[in-house]
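Okay, so the sequence shown: first residue is 1 according to the working numbering, each after it adds one. Quick reminder that beta carbons are idealized off the backbone N, C-alpha and C, glycines included. For reference, the structure is listed below as structure tokens.
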Amino acid sequence: MTLFNYQPPTEPYLEILYQDEVMLILNKPSGLLTVPGKAAEHQDCLERRVQRVYPEARIVHRLDMSTSGIVVMALGLDSQRHLNRQFEQRQTEKHYIARLEGTMQAEKGVVELPLICDWPNRPKQMVCFERGKKATTNYLVLAREHNATRVKLTPITGRSHQLRVHMQWLGHPILGDKFYASKDGVQAATRLQLHAEFLAVSHPTSGKMMEFYAKCPF
1 MTLFNYQPPT EPYLEILYQD EVMLILNKPS GLLTVPGKAA EHQDCLERRV QRVYPEARIV
61 HRLDMSTSGI VVMALGLDSQ RHLNRQFEQR QTEKHYIARL EGTMQAEKGV VELPLICDWP
121 NRPKQMVCFE RGKKATTNYL VLAREHNATR VKLTPITGRS HQLRVHMQWL GHPILGDKFY
181 ASKDGVQAAT RLQLHAEFLA VSHPTSGKMM EFYAKCPF
């Protein structure tokens, strides 16, 4: 059963920001799955596109389909293990840019709310203080627009839909978010206004910390 009309963007088909013998840094567009879905019509994805050029490429982490921005992929098993370990042990650094509904009053803050899958409404997530997994997000206001706020979001943990649910709980859902925004908030943007702008990882072979940026498209 098709739950959504999947029309992945094809321009650009694949945007590689950096490549060497052990890893790739990619800029994923909004609307493209990171990995294939179960349905036949959901096979086009970032992973498959990369593997047509680099068959040995392996996934390390994911972005939601609607989120754009930086994704790292490993070239080879050893590199994948090294990069996976960095994400699991929270040794990477990353931040996102988002535009939120309404005008946020605070300049910065921390959201600590445990999350769990809202099973009857999956893939939606929800706050659950009894069974939810710990989730922490730092936020910083960058600019206030007319009935919108641009923020930098720094996730300390990496839960599914973490940034989206945490902003909703602050009363400022991300614009264009079909799962968590208000009707007006969904209609205010043509896409989810969430972009993975920055990622810093330790190079799998040299150990050098490398920083990557992908300019925010909105």
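Helix, strand or coil at Val201 according to DSSP, with G and I counted as helix:
Here residue 201 refers to the residue found at position 201 when the sequence shown is read from its first residue. Three-state DSSP puts Val201 in a strand.
Please list, in chain order, all residues of the same chain as Val60 whose beta carbon is under 7 Å from its beta carbon, the five residues on each side excluded.
Locating residue 60 in the sequence shown gives position 60, where the first residue counts as 1. If we look at Val60 and ignore the five residues flanking it on each side, its Cβ neighbours are Val72, Met73, Ala74, Gln80, Leu83, Asn84 and Phe87.
What are the residues that DSSP puts in a beta bridge with His95?
The residue you call residue 95 lines up with position 95 of the sequence shown. Paired residue(s): Phe198.
DSSP beta-bridge partners of Thr137:
Taking the sequence shown and counting its residues from 1, the one referred to as residue 137 is at position 137. Checking the DSSP bridge columns, you'll see Thr137 partnered with Val111 and Pro155.
Taking only three categories from DSSP, how would you classify Lys28?
For the purposes of this step, residue 28 is taken as the residue at position 28 of the sequence shown. In the three-state scheme derived from DSSP, where H, G and I count as helix and E and B as strand, Lys28 is classed as strand.
Buried or exposed for His146, please, with buried defined as at least 16 other CB atoms from any protein chain shown within 10 angstroms of its CB.
Along the sequence shown, read from residue 1 onward, the residue named residue 146 stands at position 146. Using a 10 angstroms sphere on the CB of His146, the tally of other CB atoms stays under 16, which defines it as exposed.
Pull up the DSSP beta-bridge partners for Met210, would you.
Sequence index remark: in the sequence shown, residue 210 carries index 210 (1-based). DSSP output for Met210 lists Val201 as bridge partner(s).
Rounded to the nearest angstrom, what separates Leu113 and Val22 at their Cα positions?
The count along the sequence shown starts at 1 and reaches residue 113 at position 113. The count along the sequence shown starts at 1 and reaches residue 22 at position 22. Their Cα atoms are separated by approximately 36 Å.
Starting from Leu170, trace the beta strand (DSSP E) in both directions and tell me its first and last residue.
Translated into positions along the sequence shown, residue 170 becomes position 170. Note, Leu170: premise wrong, no beta strand (DSSP E); not H, not E.
The segment 12-29 / the segment 193-209 touching (three or more Cβ pairs under 8 Å):
Yes, the segment 12-29 is in contact with the segment 193-209.
Spatially closest choice to Ile174 from Glu130, Thr103 and Thr205, by CA coordinates
Sequence index remark: in the sequence shown, residue 174 carries index 174 (1-based). With distances taken between Cα atoms, Ile174 lies closest to Thr103.
Inter-residue spacing [alpha-carbon to alpha-carbon] between Cys128 and Leu115:
Taking the sequence shown and counting its residues from 1, one reaches residue 128 at position 128. Taking the sequence shown and counting its residues from 1, one reaches residue 115 at position 115. Cα-Cα distance, rounded: 6 Å.
What do you reckon, are the CB atoms on Met167 and Leu100 nearer than 7 Å?
On the sequence shown, position 167 is the one that residue 167 refers to. On the sequence shown, position 100 is the one that residue 100 refers to. Going by beta carbons, Met167 and Leu100 fall inside the 7 Å limit.
Suppose you measure from the CA of Gly220 to the CA of Gly207; what does that come to, to the nearest Å?
This structure leaves residue 220 out entirely; the chain is present only between 1 and 218.
Opposite Met65 in the DSSP bridges: which residues?
In the sequence shown, the residue the question calls residue 65 occupies position 65. DSSP lists no beta-bridge partner residue for Met65.
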